[in-house]
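What follows is one structure encoded as structure tokens, with my remarks underneath.
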Amino acid sequence: MTNFQSRVIEVVRRIPRGEVRSYGQVAGLAGRPGAARAVGTLMRKNRDPSVPCHRVIKSDGTLGGYNGNLGEKRDLLESEGVRLK
DNA sequence: CGTATGACGTGCA
DNA sequence: GTGCACGCCATAC
Numbered sequence: 288m289t290n291f292q293s294r295v296i297e298v299v300r301r302i303p304r305g306e307v308r309s310y311g312q313v314a315g316l317a318g319r320p321g322a323a324r325a326v327g328t329l330m331r332k333n334r335d336p337s338v339p340c341h342r343v344i345k346s347d348g349t350l351g352g353y354n355g356n357l358g359e360k361r362d363l364l365e366s367e368g369v370r371l372k
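Using our numbering, the letters of the first sequence correspond one by one to residues 288 to 372.
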């Protein structure tokens, strides 16, 4: 496992319930500002349920992507109290 | 080791 | 508001 990947996972793991972070923010917190796209690359591969990857959305507030159905991601977030566009 | 890929971000038409 | 072109970065091939 690469160092970058570990960091990203750590960061995402710390996102409190009811809050969200953009891919770019996560990248920054992971120590690699500007690697937003790379974060997506990792999330796409990540299968670990201990990582609330559904709390990671785009910087403009839209959902972005998801492993399973996007509707699921939307519901999860709203059920956690997150407002979406 | 070079090329392709994608859950991004920003700017501009 | 919508769509497209580009640049970016870590991974997968």
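Glycine included, each C-beta is placed from N, C-alpha and C at the ideal position.
Setting aside the 5 residues that flank it on each side, GLN292 is surrounded in the same chain by LEU329, each with a C-beta closer than 8 angstroms to its C-beta; the list follows chain order.
According to DSSP, ARG308 shares a beta bridge with VAL343.
Separation of the CB atoms of VAL369 and VAL307 is rounded to 6 angstroms, and the pair is thereby assigned contact status at 8 angstroms. Apart from sequence neighbours up to five positions away, the residues of its chain that approach ALA323 with a beta-carbon distance below 6 angstroms are TYR310, GLY311, ALA314, ordered along the chain. When the Cα atoms are used, ASN356 and VAL343 turn out to be separated by approximately 15 angstroms. For TYR353, same chain residues with a beta-carbon under 6 angstroms away, outside a window of 5 residues either side, are LYS360 in chain order. The C-alpha of LYS332 is placed about 22 angstroms away from the C-alpha of GLY348. For MET288, there is no enclosing alpha helix (DSSP H), since its DSSP letter is neither H nor E.
In the structure shown, LYS372 adopts coil according to DSSP, grouped into three states.
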